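Protein chains in written order, with this note's numbering: chain A, 1 to 334; chain B, 335 to 668. Don't be surprised by glycine CBs; every beta carbon is placed ideally from N, CA and C. These figures come from a predicted structure and were not determined experimentally. The structure appears right after this line, and notes come after that.
There are 2 protein chains.
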Amino acid sequence: MDNYLDYYKGRRVMITGGLGFLGSNLAIRLVELGAKPLLVDAMLPLYGGNLYNIESVKDKVTVNIADIRDAGAIAHLVQGQDVIFHIGNQTSHLDSMTDPLLDADINCRGNLIFLEAVRQHAPSARVVYAGSRAQYGKPVRIPVLETDATYPVDIYGANKHAAEQYHMIYHHAHGLWATSLRISNTYGPRHQMKHARYGILNWFIRLALDARPLTVYGTGQQLRDYNYVDDVTDAFLRAAATDKANGEAYNLGSDQSEQMSFAALIEKVAMLAATGAELVSVPWPDERKAIETGDFVADCDKAKRDLGWHPAVKLDDGLRRTIDFYRQHKEHYW
Amino acid sequence: MDNYLDYYKGRRVMITGGLGFLGSNLAIRLVELGAKPLLVDAMLPLYGGNLYNIESVKDKVTVNIADIRDAGAIAHLVQGQDVIFHIGNQTSHLDSMTDPLLDADINCRGNLIFLEAVRQHAPSARVVYAGSRAQYGKPVRIPVLETDATYPVDIYGANKHAAEQYHMIYHHAHGLWATSLRISNTYGPRHQMKHARYGILNWFIRLALDARPLTVYGTGQQLRDYNYVDDVTDAFLRAAATDKANGEAYNLGSDQSEQMSFAALIEKVAMLAATGAELVSVPWPDERKAIETGDFVADCDKAKRDLGWHPAVKLDDGLRRTIDFYRQHKEHYW
């Protein structure tokens with residue numbers, strides 16, 4: 001497990017959503033490891049794609065602007081890839097409720113187009129799919145286990161789960177190599193900071209840096225777990241390099257000692273940003289209340305066991321790094 | 335519960351897939367109960383739609399040919415409906431693997447178009463969705479419970495489950511009335527008999543009536559449960575008339591005494607048809623083996639408890655009625 005980083009030297013690695021938050025952080029890490037990343041991104045307006053994300057490695061990666069729904073482009077691009085980190089999807093819970101057809105078009109149809117391309121043109125590629133805690137919706141218990149039944153509360157969650165199932169079906173029926181990582185609240189550098197429609201934790205970092213009120217819905221007492229982006233990219237790197245991960249889904253989440261209420265996390269953001277921004281409680285907007293899951297924390301023992309993964313970056317450290325990054329590169333994200 | 339049949343007198347009831355197997359049997363029952371069925375069907379080639387299915391009630395129902403993906407038509411048709419039995423979907427496991435995009439187009443996109451129409455134009459209609467045992471895929475235990483995690487083995491199963499989740503999401507977030515019935519192997523009059531791509535039990539009835547070899551894959555020892563169509567339509571009638579069913583999913587299946595291996599069931603079909611057709615074991619074709627779930631029987635206690643439902647028609651009786659029907663009306667189904 002310790003030599004999983006060596007796995008990437010000279011590998012051909014494709015990342016869908018490669019110019020977004022997770023994709024670009026993964027690309028930077030892959031360049032350090034000696035891989036040759038191909039970054040595929042649709043650059044949809046208001047999604048996470050941002051060329052500045054890869055500024056530091058722009059000469060060491062290949063960028064190809066294409067949507068996963070573009071069957072011809074994807075069929076061409078997957079050819080010859082050793083590993084595909086499949087991250088490019090619609091990611092807003094809220095948007096999935098106001099425009100459910102768009103969510104299904106990207107996250108159902110798009111994922112099938114992607115998988116058909118892999119089946120036909122790159123059947124030996126190792127695919128790691130970016131799943132989501134949204135697949136569970138309201139958890140039947142906490143911490144939630146990978147084997148628990150799923151009750152998504154929004155169309156995004158239903159479709160993210162369907163798409164994970166597509167991957168597992170293609171694994172069992174067609175022999176594709178597929179792993180899913182069910183990602184929780186992730187924060188860090190290179191997230192879009194323009195709106196609050198997804199990636200709410202990063203949005204609060206912006207509010208704090210702007211010294212604006214940190215408007216929390218209700219009491220904010222819902223328990224959550226949080227991952228710094230480097231820990232999530234580490235899980236992707238481990239997954240594709242681990243034979244045992246083939247056909248498996250894994251929860252990602254905090255160490256138990258770092259699980260805390262959303263309000264406590266926001267207090268911490270305010271404290272570390274030190275701009276005088278204060279937490280303000282406001283009533284839940286109807287459209288957010290309708291898709292709220294209550295307490296949610298994940299049991300990550302399976303990822304620890306199979307992948308040797310654990311979240312290494314402490315919240316205080318991760319938040320400080322994030323705040324420093326956006327202070328320094330604000331003009332490219334605000 | 336006993337007066338659920340009275341609920342339908344004078345009701346406006348729409349059935350999607352209304353000219354198909356379940357839809358037409360339900361329509362005939364609704365006419366008997368004094369309802370006014372509107373039968374909406376896309377009449378896609380090789381699907382179950384058949385005008386002869388409603389020959390006996392053709393003057394007492396309204397037929398409207400339209401696809402659930404036709405947003406304008408569906409928005410118009412749902413208006414003023416008290417109850418909507420939503421049955422019209424892509425139903426072939428096999429086809430969902432050879433043409434996954436079509437399955438997603440009907441069963442994901444189409445269901446969202448349908449639900450958006452209900453949300454906007456018939457928000458108080460009671461919707462009963464035809465779910466499927468395919469949602470479970472390989473069951474984690476048998477008999478399988480509604481609360482068990484789902485591991486679909488084909489795209490059909492993944493999308494049927496996503497669509498059930500859409501219904502529940504629209505229930506919780508938008509207040510729609512929604513129930514799902516997870517239907518098992520159903521047989522009876524008015525099923526399409528032209529091919530074996532879905533409704534395999536009915537196909538064997540045809541083979542027996544044609545005195546052709548009853549080719550069972552492998553040993554046929556997988557345990558299954560079976561419902562006569564009248565029992566399934568009874569569950570639909572009970573569901574929409576039962577307040578408690580709102581927001582719930584229910585398994586349908588055999589009484590335990592009538593669960594048996596697929597081979598035993600086929601032996602019974604051969605015996606009752608009495609044409610001399612014999613069971614022949616052939617190797618599993620790859621494309622069927624890839625999506626086979628092994629033993630599957632459902633725990634139906636929840637439907638018994640909440641809906642007062644139980645499968646009333648014994649296998650011998652149901653199979654006899656089915657065989658008689660097709661002998662009499664063969665020209666319209668062969």
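Open item on the list: Under 8 Å: do the segment 221 to 231 of chain A and the segment 180 to 190 of chain A share three or more Cβ pairs, one atom per stretch?
Closed with: yes
Task: Pairwise C-alpha distance: Y342/B and Y348/B - done: Sequence inspection shows Met at residue 348/B; the Tyr mentioned does not correspond to that position. M348/B and Y342/B: Cα-Cα distance of roughly 12 Å.
Open item on the list: Going by the DSSP bridge assignment, what does G131/A pair with across the sheet?
Closed with: R182/A
TODO: Note down, in chain order, each residue of its chain lying with its Cβ closer than 7 Å to the Cβ of G628/B, except the 5 sequence neighbours on either side.
DONE: K472, Q556
TODO: Could you work out which residues of chain A lie near R443/B, taking near to mean beta carbons separated by less than 8 Å?
DONE: L101, A104, D105, C108, R109
TODO: Could you round the C-beta distance between N445/B and Y500/B to whole angstroms and report it? I think they count as a contact, below 8 Å.
DONE: 6 Å
TODO: Say whether the segment 564 to 574 of chain B touches the segment 531 to 540 of chain B, bearing in mind that this needs 3 or more beta-carbon pairs closer than 8 Å, one atom from each stretch.
DONE: no
TODO: Give the straight-line distance between the Cα atoms of R443/B and M594/B, rounded to the nearest whole angstrom.
DONE: 36 Å
Task: Per-residue contacts from L446/B into chain A (C-beta, under 7 Å) - done: P100, L101, A104
Open item on the list: Taking 8 Å as the threshold (C-beta atoms), are N398/B and V417/B in contact?
Closed with: no
Open item on the list: If we define contact as Cβ-Cβ less than 8 Å, is N536/B a contact residue for chain A?
Closed with: no
Task: Proximity to V478/B [Cα-Cα], best of I657/B, L543/B, D635/B, S458/B - done: D635/B
Open item on the list: Is it buried or exposed, G406/B, if we count other Cβ atoms within 10 angstroms and call 16 or more buried?
Closed with: exposed
Task: Where R531/B sits in the DSSP three-state scheme - done: coil
Task: Members of the segment 483 to 495 of chain B near chain A, C-beta cut-off 9 Å - done: A483, T484, Y485, P486, V487, D488, I489, G491, A492, N493, H495
Task: Boundaries (first-last residue) of the beta strand (DSSP E) holding K9/A - done: It is not in any beta strand (DSSP E) - K9/A carries neither H nor E in the DSSP assignment.
- [ ] Tell me whether the beta-carbon of T233/A lies closer than 8 Å to the beta-carbon of R29/A.
- [x] yes
Open item on the list: Does T425/B pass the burial test, meaning 16 or more other C-beta atoms within 10 Å, or should it be called exposed?
Closed with: buried
Open item on the list: Checking the sheet assignment: what are the DSSP bridge partners for H121/A?
Closed with: Bridge partners of H121/A: none, in fact.
Open item on the list: Less than 8 Å between the beta carbons of I600/B and F538/B, yes or no?
Closed with: yes
- [ ] Could you name the residues that DSSP lists as bridge partners for E582/B?
- [x] T513/B
Task: Close-in-space but distant-in-sequence residues of the same chain around A270/A (CB under 8 Å, 5 per side omitted) - done: A208, L214, A277, E278, L279
Task: Option in N107/A, T62/A, H86/A with minimal Cα separation from D95/A - done: N107/A
TODO: Could you pull out every residue in the same chain whose Cβ sits closer than 8 Å to the Cβ of L46/A, ignoring the five residues on either side in sequence?
DONE: Q192, K194, H195, R197
TODO: Rounded to whole angstroms, what's the CA-CA distance from K289/A to M97/A? Just pull it up for me.
DONE: 12 Å
Open item on the list: Considering only their Cβ atoms, is the gap separating T484/B from Q324/B smaller than 8 Å?
Closed with: The displayed coordinates of chain B run from 335 to 668. Any statement about residue 324/B would go beyond what the structure contains.
- [ ] Return the first residue and the last residue of the beta strand (DSSP E) that S254/A is part of.
- [x] Careful: S254/A lies outside any beta strand (DSSP E) and carries neither H nor E.
TODO: Could you say which of K244/A, A35/A, D286/A, L5/A lies nearest to T179/A if we only look at CA atoms?
DONE: K244/A
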